[in-house]
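A.B. asks: Take a look at this one; I'll ask things after.
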Amino acid sequence: MQVAQVDSGAGFSDGRSLFGVERVSARALGAVPPPLLVLLGVVSLQVGAAFAKQLFATAGASGVVALRLLFAAVVLLVVWRPSVRLSRRTLAVVAGYGAVLAGMNMCIYQSFERIPLGAAVTIEFLGPLAVAVVGSRRKLDVLWALLAGAGVFLLSRVEGGLDWIGVGFALAAGTMWACYILLGAKLGSRTSGGSGLAMGMAFGAVVAAPFGVAEAGPALLDPAVLVAGAVVALMSSVIPYSLELEALRRMPPRVFGILMSLEPAVAALAGLLVLGEQLGAWQWVAIGCVVTASVGSTRSSV
1 MQVAQVDSGA GFSDGRSLFG VERVSARALG AVPPPLLVLL GVVSLQVGAA FAKQLFATAG
61 ASGVVALRLL FAAVVLLVVW RPSVRLSRRT LAVVAGYGAV LAGMNMCIYQ SFERIPLGAA
121 VTIEFLGPLA VAVVGSRRKL DVLWALLAGA GVFLLSRVEG GLDWIGVGFA LAAGTMWACY
181 ILLGAKLGSR TSGGSGLAMG MAFGAVVAAP FGVAEAGPAL LDPAVLVAGA VVALMSSVIP
241 YSLELEALRR MPPRVFGILM SLEPAVAALA GLLVLGEQLG AWQWVAIGCV VTASVGSTRS
301 SV
């Protein structure tokens with residue numbers, strides 16, 4: 001679930017960013033190779049997701065999403081200080097982007113609650129893969145689509161199977177991810193710097209808040225839960241988005257897309273190491289199919 005993939009065209013030209021974010025990030029990250037920035041972002045995102053899953057028993061999946069979006073929005077609004085003077089069309093794009101962002105996160109977290117992290121992210125990855133395949137005119141991409149479909153079929157047919165409600169939430173998250181990519185392209189063309197991302201994140205937090213309150217209630221005000229929510233926001237939103245935006249300034253989008261294709265495998269490893277979620281041999285084969293399909297589609301799209 002990556003903002004940088006769709007908002008990279010906006011750049012960092014907005015001089016109003018707090019404390020000269022562009023200059024600070026350039027000094028701090030300039031010496032780090034761009035591929036390493038992407039990989040660090042992927043690891044941060046998926047380890048953050050594994051950490052978030054540990055909070056479900058206390059705050060619920062929707063409660064964790066609400067806290068994640070709220071804290072991420074606060075950080076981004078403070079950093080970018082976006083102007084609230086928007087045209088109606090831009091406001092509609094921001095609202096749509098935020099709503100899809102909230103829905104995507106709520107669906108994938110509901111999926112995390114029911115099936116292993118690696119399986120959920122693998123199924124969700126069908127969303128951006130579908131956007132890449134549908135937007136391509138290459139016959140080879142049909143092969144990549146079939147390979148990805150075979151991977152998901154293997155995931156659902158392994159011994160013990162998967163909870164179908166969890167699979168449904170993952171597919172819904174993937175569908176929203178596809179919409180998110182398309183809306184993000186419009187957002188990047190109508191806003192500058194990280195202002196669109198900040199406003200979209202804030203709107204997403206507003207959308208997610210009622211669901212979080214309904215599920216978690218007073219638990220959301222527990223100091224320990226608030227601190228944990230802030231950590232999740234940093235690991236799953238602020239850090240990966242910042243690293244990926246910086247990486248995209250210095251590397252071709254095709255290479256970025258190939259590296260991002262490792263997300264399902266990294267999610268499976270995070271689930272194994274942090275949560276102890278064991279995957280069978282065929283499940284790893286299934287994840288490998290989707291990763292290979294994503295890499296192949298990305299390489300053939302340029």
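Under the UniProt record's numbering, the final residue of the sequence shown carries the number 302; numbering is consecutive throughout.
Note that CB positions come from ideal geometry on N, CA and C, so glycine has one too.
Hey, could you find the ends of the alpha helix (DSSP H) Thr175 is sitting in?
C.D. replies: Segment Trp164 to Arg190, the alpha helix (DSSP H) holding Thr175.
A.B. asks: For the alpha helix (DSSP H) containing Gln278, name the first residue and the last one.
C.D. replies: Segment: none, Gln278 is in no alpha helix (DSSP H) and carries neither H nor E.
A.B. asks: Using 10 angstroms around the beta-carbon of Arg88, count the other beta-carbons present and answer buried if the total reaches 16, otherwise exposed.
C.D. replies: Exposed, by the Cβ-count rule.
A.B. asks: In the structure shown, what three-state DSSP assignment does Gly161 receive?
C.D. replies: Reduced to three states, the DSSP call for Gly161 is coil.
A.B. asks: Would you tell me roughly how many angstroms separate the C-alpha atoms of Gln283 and Val152, rounded to the nearest one?
C.D. replies: When rounded, the distance between both Cα atoms is 9 Å.
A.B. asks: I need the boundaries of the alpha helix (DSSP H) containing Ser62, first residue and last residue.
C.D. replies: Unbroken alpha helix (DSSP H) run through Ser62: Phe56 to Trp80.
A.B. asks: Among Leu77, Ala57 and Thr122, which one has its Cα closest to the Cα of Leu171?
C.D. replies: It is Thr122 whose Cα lies nearest to the Cα of Leu171.
A.B. asks: Between which two residues does the alpha helix (DSSP H) harbouring Pro210 extend?
C.D. replies: Element bounds for Pro210: Ser195 to Ala216.
A.B. asks: For Leu275, which of Ala145, Gln54 and Ala198 has the nearest alpha-carbon?
C.D. replies: Nearest option by C-alpha distance: Gln54.
A.B. asks: From Leu117 to Val79, what distance separates their C-alpha atoms?
C.D. replies: Spanning the two alpha carbons is a distance of roughly 31 Å.
A.B. asks: Under 7 Å between the Cβ atoms of Ala214 and Met104?
C.D. replies: Contact flag unset, no.
A.B. asks: State whether the region 197 to 214 contacts the region 64 to 72, with contact taken as three or more CB pairs (one from each stretch) at a distance under 8 Å.
C.D. replies: Yes: the two stretches touch, three or more of their Cβ pairs being nearer than 8 Å.
A.B. asks: Would you list, in sequence order, the uninterrupted alpha helix (DSSP H) runs of no fewer than 4 residues that lie entirely inside the region 231 to 300?
C.D. replies: Counting whole runs of 4 or more residues, the region 231 to 300 contains the alpha helix (DSSP H) stretches 239 to 248, 253 to 260, 263 to 275 and 281 to 300.
A.B. asks: Pick helix, strand or coil for Val32, following the three-state DSSP scheme.
C.D. replies: Coil.
A.B. asks: Hey, how far is the Cα of Gln2 from the Cα of Lys139?
C.D. replies: Confidence at Gln2 is low in this model, with a pLDDT of 48, below 50, so its placement is unreliable and the value that follows should be read with caution. Approximately 27 Å, taken between the alpha carbons.
A.B. asks: For Val285, I'd like the list of residues in its chain whose CB is within less than 7 Å of its CB, leaving aside the five on either flank, ordered along the chain.
C.D. replies: Within the same chain, Val285 has close Cβ partners Leu154.
A.B. asks: Residue range of the alpha helix (DSSP H) that Gly98 falls in?
C.D. replies: Note, Gly98: alpha helix (DSSP H), Arg88 to Phe112.
A.B. asks: Considering Pro128, what are the terminal residues of the alpha helix (DSSP H) in which it resides?
C.D. replies: Leu126 to Val134 is the span of the alpha helix (DSSP H), which, as asked, contains Pro128.
A.B. asks: Look at the alpha carbon of Ile239 and the alpha carbon of Gly60, and state the distance between them as a whole number of angstroms.
C.D. replies: Answer to the nearest angstrom: the Cα atoms are 23 Å apart.
A.B. asks: So, Val290 versus Pro252, is the Cβ gap smaller than 7 Å?
C.D. replies: Contact flag unset, no.
A.B. asks: Checking 7 Å against the spacing of the C-beta atoms, do Ala267 and Gln110 come in under that value?
C.D. replies: No, Cβ-Cβ distance for Ala267 and Gln110 is not below 7 Å.
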